[in-house]
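Numbering (the numbering used here), first residue to last: -8 to 276.
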């Protein structure tokens, strides 16, 4: 029995290795065939036609930067299955630049999740490698902050200073994640993170940026993998249960906390009555 288990384990490992090798071979062949075609298209077609092609490929107004399987920084277009269209290895640098510019032109939200360190490095990378100023391309941006980030808040704030490189008027979605806790724990974590962030939020608002706080956003699985080969999740474009802005709440930490409590109570009422959630939320302002 022990020998059989060892043989089965060995066979399983060999099968996984063979699958990975086959997958890598298919991807390499696809890159060899796709890239010359995309580079020729970029060289021959006028910008207007290239824009039409790029916009026809974009199916989700979300672009999330992350560390890919080869530990390279890349971008996922939401849950789109056409992820290879956003990778320079398949498209070449010219078409990749066109794709990112098209995402910005269509008003896509560029998310960095909890990778605050990418804010500065991605801006520099795109300027050097693609000749693209992301700071003027991005009109909507999303960032995740958790209570864990407060342990290294000095580093976090240093990285978040890169937000001021963006053009005034940029909408900034700050996703505060509290995890699956009891209600008192959720409120306590939200309050703690919010109060630490609020001086920065004040500076951003005074500089002309649009502030949106979202607590515990939903996630969907994308078609790409992290550097550790796990499935990468993205925050979809959707109405959010807990979205607080200076337009629907007093712009203070206490004002935002009060708004959260009002929304929570309304949700409880809606749940019990079966009323439509989002039409009621819109009438709350």
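Each residue gets a CB set at the ideal place from its N, CA and C atoms; glycine is no exception.
Only a predicted model underlies this, so the values are computations on that prediction, with no experimental measurement involved.
Less than 7 Å separates the beta-carbon of residue 135 from that of residue 168. Taking residue 192 as reference, the option from 138, 151, 177, 215 with the minimal CA-CA separation is 151. For residue 102, the enclosing beta strand (DSSP E) begins and ends at 100 to 102. Annotation for residue 64: 56, 57, 58, 109, 112, 113, 116 place their beta carbon closer than 8 Å to its own, counting only its chain and skipping 5 residues before and after. Rounded to the nearest angstrom, the Cβ distance from residue 89 to residue 22 is 18 Å, too far for a contact under 8 Å. It is roughly 28 Å from the alpha-carbon of residue 1 to the alpha-carbon of residue 223. In the three-state reduction of the DSSP assignment, residue 143 falls in the helix class. Apart from sequence neighbours up to five positions away, the residues of its chain that approach residue 126 with a beta-carbon distance below 8 Å are 114, 156, 157, 158, ordered along the chain.
Exclusion of the five residues before and after residue 250 leaves 235, 239, 240 as the residues of its chain whose Cβ lies within less than 7 Å of its Cβ.
The beta-carbon distance between residue 82 and residue 29, rounded to whole angstroms, is 4 Å. This is short enough to meet the 8 Å contact definition. In this structure, DSSP gives residue 53 an extended state, which the three-state scheme calls strand. A buried status is given to residue 133, since no fewer than 16 other beta-carbon atoms sit within 10 Å of its beta-carbon.
In the structure shown, the three-state DSSP call for residue 64 is strand.
In this structure, the alpha-carbon of residue 118 lies about 13 Å from that of residue 92. If only uninterrupted beta strand (DSSP E) runs of at least 3 residues are considered, those enclosed by the stretch 126 to 179 are 131 to 137, 162 to 168. Pairing residue 179 with residue 244 gives a Cβ-Cβ distance that is not under 7 Å.
Under DSSP, residue 212 shares a beta bridge with 224.
In the DSSP annotation of this structure, the continuous segment of the alpha helix (DSSP H) that includes residue 118 starts and ends at 109 to 121. In this structure, residue 67 sits away from residue 99, with a CB-CB distance that is not shorter than 7 Å.
In the three-state DSSP reduction, residue 106 falls in the coil class, being neither helix nor strand.
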